[in-house]
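Please read the structure below before turning to the comments.
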Amino acid sequence: MATSVLANSSSTTRDRPLRPQNLPEFLIWYYILGTYLIYLCGAQYLLAPCLATGLTAYLLFKYWTQTEATPESERITISWPTWMWILAILVIGVVTLAGHISLELGPVDLIRALLLWYITWGLLALFVLVGHLNIRPQLIYRATSILCLQSLLVTAIGTAADLLNLPTIGYESPLNVMIRVAGGAPEQFYVNLFHSISNTRLTLFGVWPTFTALLGNIYFFFALEESDKKWRWVGLVGSIVLILGSRSRLATLCLPVVLVTVWILTNFFRPWVQIVAGFVCGLVGVFATTLVDTLVLLRAEFDKVRSGSSEVRETLYRISLERWWSESPIWGLTQREKGPFLVSRLPLGSHHTWIGVLYSYGLVGASVLAVAFLCSFIDLVIKAQRSRLAKTGLSVLLVLFVCSFADNIEFFAYLFWPGLVVMGIAFKERIVARQPKAS
Numbered sequence: 001m002a003t004s005v006l007a008n009s010s011s012t013t014r015d016r017p018l019r020p021q022n023l024p025e026f027l028i029w030y031y032i033l034g035t036y037l038i039y040l041c042g043a044q045y046l047l048a049p050c051l052a053t054g055l056t057a058y059l060l061f062k063y064w065t066q067t068e069a070t071p072e073s074e075r076i077t078i079s080w081p082t083w084m085w086i087l088a089i090l091v092i093g094v095v096t097l098a099g100h101i102s103l104e105l106g107p108v109d110l111i112r113a114l115l116l117w118y119i120t121w122g123l124l125a126l127f128v129l130v131g132h133l134n135i136r137p138q139l140i141y142r143a144t145s146i147l148c149l150q151s152l153l154v155t156a157i158g159t160a161a162d163l164l165n166l167p168t169i170g171y172e173s174p175l176n177v178m179i180r181v182a183g184g185a186p187e188q189f190y191v192n193l194f195h196s197i198s199n200t201r202l203t204l205f206g207v208w209p210t211f212t213a214l215l216g217n218i219y220f221f222f223a224l225e226e227s228d229k230k231w232r233w234v235g236l237v238g239s240i241v242l243i244l245g246s247r248s249r250l251a252t253l254c255l256p257v258v259l260v261t262v263w264i265l266t267n268f269f270r271p272w273v274q275i276v277a278g279f280v281c282g283l284v285g286v287f288a289t290t291l292v293d294t295l296v297l298l299r300a301e302f303d304k305v306r307s308g309s310s311e312v313r314e315t316l317y318r319i320s321l322e323r324w325w326s327e328s329p330i331w332g333l334t335q336r337e338k339g340p341f342l343v344s345r346l347p348l349g350s351h352h353t354w355i356g357v358l359y360s361y362g363l364v365g366a367s368v369l370a371v372a373f374l375c376s377f378i379d380l381v382i383k384a385q386r387s388r389l390a391k392t393g394l395s396v397l398l399v400l401f402v403c404s405f406a407d408n409i410e411f412f413a414y415l416f417w418p419g420l421v422v423m424g425i426a427f428k429e430r431i432v433a434r435q436p437k438a439s
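The opening position of the sequence shown corresponds to residue 1 in the UniProt record's numbering, with each subsequent residue numbered one higher.
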């Protein structure tokens, strides 16, 4: 009888509609569901920082007003990996401030630089911090699955319009005047009504195809944790369409790499996995030369997919590293200059997070960012042995790490912020010894 009552109670809880239960969940839920409306207004670049600022202020208010009588579920306790992210971002901010002062660029440029730092780097720390509020990750999983359904509908309409040779409709948001104040790129304020996969790379609200693919990777791992089978499949299909439709080489490779890596990291202590790993290591030693030749061949084929893009990127990376190493290896050059026509005038330090950090903030900035990634990795790997939430957070972290070698991820934190919130929720999670191991 008791078992039956528990089963019925569990079923009732599972069938209950998933809805926001507090202010942070309300804001996050309706922001994600309203993503395309925000995109049509060209306001993503501005509203996401407002959301982060508001929720951080709410967190600080709850933190300072909590007492011993505050229920455990409502207490704000900031995890140590989150402190590392806050420290890393603050160090980058201090380097930015010091660089502008030493170059005597003036107060206007300094204010613009600090605003840009806040809207880009700052969001990486703020949204991780927001994850320490009372927010259910299941709410984010469901919201992004619904967003994937919206994306499928938008893609279907855009592809049909393209096949019917309807004219492309696009416009620039009036909010683009904020570029003069807070930085950003014109593309971040440009709105396209039709998004097709027939003969163009899919962008949707991701602005650039590579970041649409990055979002698809994150949403895929969210969908894997969706409890409702219908929404799980919608999320999986939608996220795969985002990845494949973008035709991003690295992001397409990212999904299987992260899937395999997370599986190995969360199953490595099983005896049979260690036996197989030892056997594989032995084979690698025997066929090392063949494997190296194969990898070189695969890399060449990978670059051939868009050879022009690969050549420009490699030249851009080389010039950026040479300028950084010869001019300011410790503190960086602060400002990013446009490159030569050889690299299509792309800014030096762009299209690669780590080279960009070295170029702008030197070894100091790169070191603190690497420490934040490493501390997050250690915390999540340990927790992921017993927690599915930590496993999802680890997947998000690895997606960001892989994609950081092809883009400056800090400029798009305003897009992938749900992943940062889930990482923050995973950081604050306390693992109970009896909790079952993640499969």
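Each residue gets a CB set at the ideal place from its N, CA and C atoms; glycine is no exception.
(request) May I ask which residues mark the beginning and end of the beta strand (DSSP E) holding G170? (result) G170 to E172
(message) Give me, in chain order, the residues of the same chain whose beta-carbon lies closer than 6 Å to that of G158; leave out the 5 immediate sequence neighbours on both sides.
(response) F194, H195 and S196
(message) Between R247, E187 and L116, which has its C-alpha nearest S198's C-alpha?
(response) R247
(request) For the beta strand (DSSP E) holding V191, just list the boundary residues, first then last. (result) Y190 to N192
(message) Could you pull the DSSP bridge partners for P347 from this structure?
(response) K338
(request) Helix, strand or coil for R14, going by three-state DSSP, please let me know. (result) Unreliable placement is indicated for R14, whose pLDDT of 49 sits below 50; the coordinate value is still reported in the next sentence. The answer is helix: DSSP assigns R14 an H, G or I state.
(request) With distances taken Cα to Cα, identify the nearest neighbour of F373 among P256, W80, L224 and W64. (result) W80
(request) Report, in whole angstroms, the separation of the C-beta atoms of L380 and L369, which I expect to be a contact under 8 Å. (result) No, L380 and L369 are not in contact; Cβ-Cβ is about 17 Å, not under 8 Å.
(request) Go ahead and pull the three-state DSSP assignment for E68. (result) coil
(request) Confirm, please, whether the CB-CB distance from V91 to L420 is below 7 Å. (result) no
(message) As a quick exercise: from L40, I38 and L59, pick the residue whose alpha carbon is nearest that of E25.
(response) L59
(message) Taking 7 Å as the limit between beta carbons, can you name the residues of its chain near S344, skipping five residues before and five after?
(response) V312
(message) Taking 7 Å as the threshold (C-beta atoms), are A426 and L389 in contact?
(response) yes
(request) Look at L236 and A223 and say whether their C-beta atoms are less than 7 Å apart. (result) yes
(message) At the level of alpha carbons, what is the spacing between G349 and Y317?
(response) 7 Å
(request) Could you tell me if V422 is buried or exposed, where buried requires 16 or more neighbouring beta carbons within 10 angstroms of its beta carbon? (result) buried
(message) Please return the same chain residues whose Cβ sits closer than 7 Å to the Cβ of N22, not counting the five positions on each side in sequence.
(response) N134
(request) Consult DSSP for H100 and reduce its assignment to one of helix, strand or coil. (result) helix
(message) Since V154 and G170 should fall inside the 8 Å C-beta cutoff, what is the C-beta to C-beta distance between them, to a whole number of angstroms?
(response) 14 Å between Cβ atoms; not a contact.
(message) With a threshold of 8 Å on Cβ separation, who are the neighbours of I32 within its own chain once the five nearest residues in sequence on each side are excluded?
(response) I140, A143, T144, I146, L147 and P418
(message) By the three-class DSSP mapping on this structure, what secondary structure does G365 have?
(response) helix
(request) Pick out whichever of L175, A160 and P174 has its Cα sitting closest to the Cα of T168. (result) A160
(message) Are the CB atoms of V262 and S395 within a distance shorter than 7 Å?
(response) yes
(request) Could you round the C-beta distance between A125 and I86 to whole angstroms and report it? I think they count as a contact, below 8 Å. (result) 5 Å
(request) Classify I89 as buried or exposed, calling it buried when 16 or more other Cβ atoms lie within 10 Å of its own Cβ. (result) buried
(message) Just to check my reading of the structure: F175 and L46 have Cβ atoms closer than 8 Å, yes? What is that Cβ distance to the nearest angstrom?
(response) Rather than Phe, the amino acid found at residue 175 in this sequence is Leu. Indeed, because the Cβ distance is near 6 Å, the residues count as touching under 8 Å.
(message) Quick check: S360 and G332, are their CB atoms within less than 7 Å of each other?
(response) yes
(message) So C50 and C254 are supposed to be a Cβ contact under 8 Å. How far apart are they, rounded?
(response) At roughly 30 Å, the Cβ-Cβ gap does not stay under 8 Å, so C50 and C254 are not in contact.
(message) Using the Cβ count rule (16 or more neighbours within 10 Å means buried), how would you classify D109?
(response) exposed
(request) In the DSSP assignment, find the alpha helix (DSSP H) that holds M423 and state where it starts and stops. (result) A413 to K428
(request) Give the single residue among H100, I243 and E226 whose Cα lies nearest to the Cα of F211. (result) I243
(message) Suppose the cutoff is 8 Å on Cβ atoms and the five residues either side in sequence are ignored; what does the same chain contact list for I330 look like?
(response) G362, L363 and V364
(message) Counting C-beta neighbours from all protein chains within 10 Å, is the total for K230 16 or more, i.e. buried, or is it exposed?
(response) exposed
(request) Tell whether a beta-carbon distance below 7 Å holds between L215 and F405. (result) no
(message) Considering only their Cβ atoms, is the gap separating K428 from T266 smaller than 7 Å?
(response) no
(request) Go ahead and label residue 463 buried or exposed: buried means 16 or more other beta carbons lie within 10 angstroms of its beta carbon, across all protein chains shown. (result) Since the first residue of the chain shown is 1 and the last is 439, residue 463 is not available in this structure.
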